[in-house]
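> Before we start, here is the structure in question, set down as structure tokens.
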Amino acid sequence: MFDLRTLVILMISLTIAIAAGWLTVRTGQPPAAGILAGGAAFGGTLVLLDKFVR
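The sequence shown begins at 0 in numbering that gives the first Met the number 0 and counts up by one.
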């Protein structure tokens, strides 16, 4: 289905997104802001790692 490189990049991106969302909510922001921060972190990490891991 997916190769190992794709799965590793997705898992790292997901981990960073969860951490960013959790830290955003822990600082007192509403959950919607945490979801937006997590989504932005996921997208940014995905693009960065896709270009970095070649």
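Don't be surprised by glycine CBs; every beta carbon is placed ideally from N, CA and C.
Given the structure is predicted, the values throughout are model-derived calculations rather than measurements.
Pick helix, strand or coil for F1, following the three-state DSSP scheme.
Working through the sequence shown from its first residue, we reach residue 1 at position 2. In the structure shown, F1 sits in coil (DSSP, three-state: anything other than H, G, I, E or B).
> Put T44 into one of helix, strand or coil per three-state DSSP.
Residue 44 sits at position 45 when you count from the first residue of the sequence shown. It is helical.
> Taking M10 as the reference, give the member of F41, R53 and K50 with the closest Cα.
By 1-based counting over the sequence shown, the position of residue 10 is 11. Closest option to M10, Cα to Cα, is F41.
> Given T44, which residues of its chain have a CB within under 6 Å of its CB, disregarding the five upstream and five downstream residues?
If you number the sequence shown from 1, residue 44 lands on position 45. Correct list, in chain order: S12 and I15.
> Whose CA, out of F1, L48 and A18, lies closest to the CA of G38?
Reading the sequence shown from its first residue, position 39 is the one you call residue 38. Here the closest residue by C-alpha is A18.
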